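*Asks:*
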Amino acid sequence: MSVRVRVAPSPTGDPHVGTAYMSLFNLAFARQQGGEFLLRVEDTDRARFRADSEQQVYDMLRWLGLDWDEGPDKGGPRGPYRQSERLETYRPHVEQLIADGHAYLCWCSGARLAEMREDQQKRKLPTGYDRRCVGLDRAARAALPGFSDPPVVRMFVPDDPPLRFHDLVRGEVSAPRPDDQVLLKADGFPTYHLAVVVDDHLMGITHVVRGEEWISSTPKHLLLFDWLGWDRPAFAHMPLLRNIDKSKISKRKNPAARLTWFVEQGYLPEALLNFLGLLGYSLPGEQEIFTFEQMSQSFDWARVNTVGPVFDLDKLAWLNGHYMRELSEPDFAGRTLPFLQGAGLVGDPASPVELAALAAVVPLVQTRVAVLSEVPALVRFLFTPEESFQVESGAVEKALTPANAPVLAAAAEALDGLQDWTGVSVQARIDAALLEGGLGLKRGKAYLPLRAAVCGASISPPLPESMALLGRERTLCRLRAGAALAADRETAERGPGVG
RNA sequence: GUCCCCAUCGUCCAGCGGCCCAGGACUCCACCCUUUCAAGGUGGCUACGCGGGUUCGAAUCCCGUUGGGGGCACCA
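Take 0 as the starting number for the first sequence in numbering that gives the first Met the number 0 and just add one per residue.
1) Determine the burial state of P8: buried for a count of at least 16 other Cβ atoms within 10 Å of its Cβ, exposed for fewer.
2) Suppose the cutoff is 7 angstroms on Cβ atoms and the five residues either side in sequence are ignored; what does the same chain contact list for P283 look like?
3) For E41, which residues of its own chain have a beta-carbon under 6 angstroms away from its beta-carbon, when the five flanking residues on both sides are left out?
4) Helix, strand or coil: which one does DSSP assign to D44?
5) Can you look up V208 in the DSSP assignment and give me helix, strand or coil?
6) My output table needs one value for W62: the three-state DSSP class, helix, strand or coil.
7) In or out: G494 buried (at least 16 other Cβ within 10 Å) or exposed?
8) Which same chain residues, not among the five before or five after L438, have their C-beta less than 8 angstroms away from its C-beta?
9) Quick check for students: name the residue ranges of the alpha helix (DSSP H) that lie wholly in the region 394-426, counting only runs of 4 or more.
10) How would you write the range of the beta strand (DSSP E) that M154 sits in, first residue to last?
11) Output the residue ranges of the beta strand (DSSP E) runs that lie fully inside the region 189-239 and measure 3 residues or longer, sorted by chain position.
12) In three-state DSSP terms, what is H165?
13) Do the CB positions of R131 and M115 come within less than 9 angstroms of each other?
14) What is the DSSP secondary structure of G498, reduced to helix, strand or coil?
15) Is F338 helix, strand or coil when you go by DSSP?
16) Terminal residues of the continuous beta strand (DSSP E) containing Y266?
17) For the putative contact between V395 and A451, defined by C-beta atoms under 8 angstroms, what is the C-beta separation to the nearest angstrom?
18) Cα-Cα, which of G276, D199, K245 and T400 is closest to E78?
19) In this structure, how does DSSP classify K250 when only helix, strand and coil are distinguished?
20) Does the distance from the C-beta atom of L363 to that of P238 stay below 9 angstroms?
21) Suppose you measure from the CA of F164 to the CA of L354; what does that come to, to the nearest Å?
22) Check whether the Cβ atoms of F338 and P375 sit closer than 9 angstroms, and answer yes or no.
23) H321 by DSSP, collapsed to three states: which one?
24) Leaving out five residues on either side along the sequence, give the residues of the same chain with a beta carbon under 7 angstroms from the beta carbon of C107.
25) Mapping the DSSP letters down to three states, classify R493 as helix, strand or coil.
26) May I ask which residues mark the beginning and end of the beta strand (DSSP E) holding S173?
27) State the Cα-Cα distance for the pair L201 and Y80, rounded to the nearest angstrom.
28) What is the rounded straight-line gap between the Cα of V56 and the Cα of L267?
29) So is G109 buried or exposed if we call it buried at 16+ other beta carbons inside 10 Å?
30) Can you list, in chain order, the residues of its chain whose CB lies under 7 angstroms from that of G496, leaving out five sequence neighbours each side?
31) Looking only at its chain, what residues have a beta carbon closer than 8 angstroms to the beta carbon of Y20, apart from the 5 residues adjacent to it on each side?
32) Go through its chain and collect everything with a Cβ distance to F289's Cβ below 8 angstroms, but skip five positions before and after it.
33) Taking 6 angstroms as the limit between beta carbons, can you name the residues of its chain near R488, skipping five residues before and five after?
34) Please confirm if the region 461-480 is in contact with the region 413-425, defined as three or more CB-CB distances below 8 angstroms between the two stretches.
35) Put G70 into one of helix, strand or coil per three-state DSSP.
36) Less than 9 angstroms between the C-beta atoms of L181 and L223, yes or no?
Next up, the structure:
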């Protein structure tokens, strides 16, 4: 029998990083086994449902390269793959469970249930449904308080349900005894527990790979598989991704819980994927940089960790930097473009001039950023027209001091007649004028004001090369403007309040 | 509270009874390189939670304890 696995996100908001994590492991295993990976949308919670969420899940998973073989958008032999479209599929199985005495109707209202739980807690009794409705028909129950009309269907858990099962990553596991879980809600929608079991069986799922949070409800699923006379799938409960404080990763505490965040920040999908693979998993030989194919080929459940890993952005940043440095220059430029457009530095669509400038500056910044969103700040100097060019205030304070005005002027003068406008020549001229033999400055000291004037910041790509890209006229313009600004500050410092 | 899961450097991993007075990576620190910032190179700090067993021998097995996490919904 061929391996079939699935990922089952519920469209309740921004796609969650956990969905990508589960998809990665499911897919890695499926590909290794030559099996299928399906995407099933679990939209049975109409209160939390969000219409745009499903498409976002598709987009994010595809962005990561985690494509599926069957799903709502591409169909397949075992569809539909959206649970809201399978309501009629669940019904007969519920009928059967009721007929077999494994499930029963329950008319208890939400208020009564809440009251019951409160009472149980106060009296330190075990929690769980008290079976108020067992053996009662509608009329009999309606005579009692806490009645609510469309009833739900609950499973009738026996005294000795199966609590132990084999887990691919944890070995023999035991879980708590379930209470009489609701299977069918009053609105006619199934709960997760009914839907997973029915769908996993009908869709031929052989391995249920999901988060550790599901361990405690697995006995409910075991019971259902058994009652319905179906083979149990194999289970693999993955560790949960954690926040810094070790709690289950959440959108509230961690921006990285939302997949869109990585796109916005300019992480590379290959880096994120590699990083996700590193969490809770290791390749033989301590190899840390690996592709999906490498992970998939050597995939082994025994190498999956049981410990919930903290989602460490530092390491992701390093990995991302690594992958960015591996990119060819045109590739890097292409990935950078949307960020420059977003920052308003480049038009949409980009002009040939802008694209040429981008191609030229890329070698200067590729090793200097951890994420793509950092690129605009570094190349702003090149894409800003002289009319709107401004030096950052911090750089003005630090570098455009009155004492540096002559340095800027000298640099402008030295470069004025230079014909061979290349980084090498520019540097030679500047050095001759400002270092030993000229003004006698150290290079670091000499370049500080020039950098501020030309690049507008105290951190920039290498200076002579930046000037070379900017061109002579623009460079001279900025040097002179910088010199004037620096000199002006002298006046300003001497003159406040004077005149 | 209760049930369940888990436990090696700050973080992510290696280790699956002797090769480990514990190895790699990230972070951090120092140095080198250097026009800033990076990148790159070299070196360094830091861990088997604790207590009992088992064994000739334990990070590795068992028990307890402590700590962390998760579940206990007409949410998934």
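By construction, the Cβ of each residue, glycine as well, lies at the ideal position given by its N, Cα and C atoms. Since this is a predicted model, take the numbers as computed values, not measurements.
*Replies:* With the given structure in hand:
1) buried
2) S297
3) A7, S9 and Q82
4) coil
5) strand
6) helix
7) Residue placement at G494 is flagged as unreliable, the pLDDT there being 42, under the threshold of 50; the coordinate-derived value follows with that caveat. Classification for G494: exposed.
8) P405, V406, A409, A432 and A445
9) 404-415
10) F146 to M154
11) 206-210 and 233-237
12) strand
13) yes
14) Legend: pLDDT at G498 = 28, less than 50; position of this residue unreliable, value from coordinates given subsequently. Here G498 sits in coil by DSSP.
15) helix
16) Unbroken run through Y266: none, as it is neither H nor E.
17) 7 angstroms
18) It should be pointed out that residue 78 corresponds to Gly in this sequence rather than to Glu. Answer by Cα proximity: D199.
19) coil
20) no
21) 59 angstroms
22) yes
23) helix
24) R131, C132, G145 and S147
25) Because the pLDDT at R493 is just 47, under 50, the model does not fix this residue reliably, and the point stays unresolved.
26) G170 to S173
27) 11 angstroms
28) 17 angstroms
29) exposed
30) With a pLDDT of 37 at G496, under the threshold of 50, the modelled position of that residue is not reliable, and the figure given next carries that caveat. Correct list: empty, nothing qualifies.
31) M237, L240, L275 and L278
32) N273, G276 and L282
33) P401
34) yes
35) strand
36) Note that residue 181 corresponds to Val in the displayed sequence, not to Leu. No. Outside cutoff.
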